[in-house]
Amino acid sequence: MSNFTIDAQTTIHQVVLKVLDLQSQIDFYEQVVGLTLASKTENSALLATAQDGEIIIELHSTAEKNQPAKGTGLFHLALLLPSRKAFATKFFDIIRSKKVINSPEEQAVHFPHTEKILPIARLDRASDHGYSEAFYIFDIEGNGIEFYADRPQQEWSSYPSGSEPLNIAELAAIADYTSDGKLPSTTTIGHIHLRVDKIEETVYFYHEVLGFEKKQVLEDVFFVSAGDYHHHIAGNTWSGENIAYPLGIHTGLKNIKIKLPTEEAYEQLKNHVKQFIPMQDIGDCFIVEDPSKNQIMFIKD
391 MSNFTIDAQT TIHQVVLKVL DLQSQIDFYE QVVGLTLASK TENSALLATA
441 QDGEIIIELH STAEKNQPAK GTGLFHLALL LPSRKAFATK FFDIIRSKKV
491 INSPEEQAVH FPHTEKILPI ARLDRASDHG YSEAFYIFDI EGNGIEFYAD
541 RPQQEWSSYP SGSEPLNIAE LAAIADYTSD GKLPSTTTIG HIHLRVDKIE
591 ETVYFYHEVL GFEKKQVLED VFFVSAGDYH HHIAGNTWSG ENIAYPLGIH
641 TGLKNIKIKL PTEEAYEQLK NHVKQFIPMQ DIGDCFIVED PSKNQIMFIK
691 D
């Protein structure tokens, strides 16, 4: 058993997605999520929290078919908003938006004139997790997105699993209904939730190999973090065990970019990891795969 722990200031920096329809996904992440297009090429796009903000999502049009309905990969990426007011504002922006539907069948009713998937979101659910308040949508290619705001740390419960309904009345009272729908520039990717094919092997990888601290491990879901955060990475087997690994041609997760705060922290992690598994060392970053073939790139600040 290793005593190594990853630096407590480690953060989720970016999520890179493979997409089928690049322009429709750009439209979605700008018009619905509220990000800003920072740059675009024929085959890729970078999306930031503001015109001069951090780039947090990359889109690459390398996919040729949809990801398997039951396969490993991204369950959701989680956008951490800086305040409860910002969360409430975005929640009601999504609820009131004409770009949000509840099902593909609803699209057929409202948009019978086109077979093209429009930049719309499907609202999934909303929950009070105790440590945070959150709501969830899907993008137009089925990638899950969580919007959330943390409560003060002294109010966090001991375990990150479990939920209660949101207090909609309280949120309605503090929301800004004049918002343009854009995310605050200080929005970050707070955590990632993955679909994995085995809990025990995956927890070993994230805890022993990468050095994340175990926050909660159940039969079908786990939560790990850097430092004392509630979780930076979660994984579940809710689709079953021994499920398919998506291929490079499938939509969905290409990789997660995780940032180490210093050169020293980066080198310590790299030297620890290479004792356990092979890696791609590309000079200013290195890449590994978890047991479910989810790719992780480590970079330094």
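Every number in the working numbering is 390 more than the matching position in the sequence shown, counting from 1.
We put the beta carbon where it would ideally sit given N, CA and C, even for glycine.
All values derive from a computational prediction rather than experimental measurement.
*Helix, strand or coil for alanine 438, going by three-state DSSP, please let me know.*
Looking up residue 438 in the sequence shown gives position 48. If DSSP states are grouped into helix, strand and coil, alanine 438 belongs with the strands.
*Going by DSSP, name the residue or residues bridged to isoleucine 530.*
Position 140 of the sequence shown, counting from 1, holds the residue named residue 530. Looking at the DSSP assignment, isoleucine 530 forms no beta bridge with any residue, so it has no partner.
*asked:* Residues in the same chain with beta-carbon distance under 8 angstroms from alanine 624, minus the five sequence neighbours each way, listed in chain order, please.
replied: On the sequence shown, residue 624 is found 234 positions in, with the first residue counted as 1. So the qualifying residues of the chain are Phe465, Pro550, His581, Ile582, His583, Leu584, Val611, Phe612, Phe613 and Val614.
*Nearest-angstrom Cα distance between tyrosine 567 and phenylalanine 676?*
What you label residue 567 is simply residue 177 of the sequence shown in a count that begins at 1. What you label residue 676 is simply residue 286 of the sequence shown in a count that begins at 1. Rounded to the nearest angstrom, the two C-alpha atoms are 44 angstroms apart.
*Could you give the distance in angstroms between the alpha-carbon of aspartate 397 and the alpha-carbon of proline 458?*
Along the sequence shown, one-based indexing puts residue 397 at 7. Along the sequence shown, one-based indexing puts residue 458 at 68. So the alpha carbons of these two residues sit roughly 34 angstroms apart.
*Under three-state DSSP, which class holds glutamine 457?*
Counted from its first residue, the sequence shown places residue 457 at position 67. Glutamine 457: coil per DSSP, three-state reduction.
_Given 8 angstroms, three or more beta-carbon pairs between the segment 554-568 and the segment 587-596_ = no
_Can you tell me where the beta strand (DSSP E) holding arginine 486 begins and where it ends?_
On the sequence shown, residue 486 is found 96 positions in, with the first residue counted as 1. It is not in any beta strand (DSSP E) - arginine 486 instead sits in the alpha helix (DSSP H) that spans 474-486.
*Do three or more CB pairs link the segment 592-608 to the segment 678-686 at distances below 8 angstroms?*
yes
*Proximity to tyrosine 619 [Cα-Cα], best of Ile416, Ser517, Gln543 and Ile485*: For the purposes of this step, residue 619 is identified with residue 229 of the sequence shown, where counting begins at 1. It is Gln543.
*For the segment 630-680, which segments carrying the beta strand (DSSP E) assignment without a break, of at least 3 residues, lie completely within its bounds, in sequence order?*
642-650 and 675-679
*N-terminal and C-terminal residue of the beta strand (DSSP E) that glutamate 448 is part of*: Sequence index remark: in the sequence shown, residue 448 carries index 58 (1-based). Start and end: 445-450.
*Assuming lysine 683 contacts threonine 462 (C-beta within less than 8 angstroms), just tell me the rounded distance between them.*
Taking the first residue of the sequence shown as position 1, residue 683 is located at position 293. Taking the first residue of the sequence shown as position 1, residue 462 is located at position 72. About 6 angstroms; that satisfies the 8 angstroms criterion.
*When the Cα of leucine 470 is compared with those of Tyr526, Thr641, Gln421 and Leu643, which residue comes out closest?*
Sequence index remark: in the sequence shown, residue 470 carries index 80 (1-based). With distances taken between Cα atoms, leucine 470 lies closest to Tyr526.
*Check tyrosine 596 in the structure and name its three-state DSSP category.*
Stepping through the sequence shown from its first residue, residue 596 is reached at position 206. Three-state DSSP puts tyrosine 596 in a helix.
*For alanine 563, the first and last residue of its enclosing alpha helix (DSSP H)*: Here the question's residue 563 lines up with position 173 in the sequence shown. Taken as a continuous stretch (DSSP letters only), the alpha helix (DSSP H) holding alanine 563 covers 558-564.
*Would you identify the three-state DSSP class for tyrosine 419, choosing helix, strand or coil?*
Position 29 of the sequence shown, counted from the start, is the residue given in the question as residue 419. Correct three-state label for tyrosine 419: helix.
*Is it a yes or a no for the segment 395-414 touching the segment 435-455, going by three-plus beta-carbon pairs under 8 angstroms?*
yes
*Inspect the beta-carbon positions of serine 553 and tyrosine 521 and report whether they are closer than 8 angstroms.*
The residue you call residue 553 lines up with position 163 of the sequence shown. The residue you call residue 521 lines up with position 131 of the sequence shown. No.
*Residues near histidine 662 in its chain [Cβ-Cβ closer than 6 angstroms; skip 5 each side]*: Residue numbering aside, residue 662 sits at position 272 when the sequence shown is read from its first letter. Taken in chain order, the residues that qualify are Phe394.
*Whose C-alpha, out of Asp518, Leu561 and Glu531, is nearest the C-alpha of glutamate 545?*
The residue you call residue 545 lines up with position 155 of the sequence shown. Among Asp518, Leu561 and Glu531, the Cα nearest to that of glutamate 545 is on Asp518.
*Tell me where the beta strand (DSSP E) around glutamate 545 begins and ends.*
Residue numbering aside, residue 545 sits at position 155 when the sequence shown is read from its first letter. Per DSSP, glutamate 545 belongs to no beta strand (DSSP E) and is neither H nor E.
*For glutamine 399, which option in Gln421, His640, Lys649 and Met687 has the closest C-alpha, if you only look at C-alpha atoms?*
The residue labelled residue 399 in the question sits at position 9 within the sequence shown. Closest by alpha carbon: Lys649.
*How long is the line joining the alpha carbons of tyrosine 538 and serine 473, rounded to whole angstroms?*
In the sequence shown, the residue the question calls residue 538 occupies position 148. In the sequence shown, the residue the question calls residue 473 occupies position 83. Approximately 9 angstroms, taken between the alpha carbons.
*Kindly indicate which residue of Gln670, Ser429, Asp442 and Asn533 has the alpha-carbon position closest to the one of asparagine 456.*
Within the sequence shown, residue 456 is the residue found at index 66, counting from 1. If we check each option's Cα against that of asparagine 456, Asn533 comes out closest.
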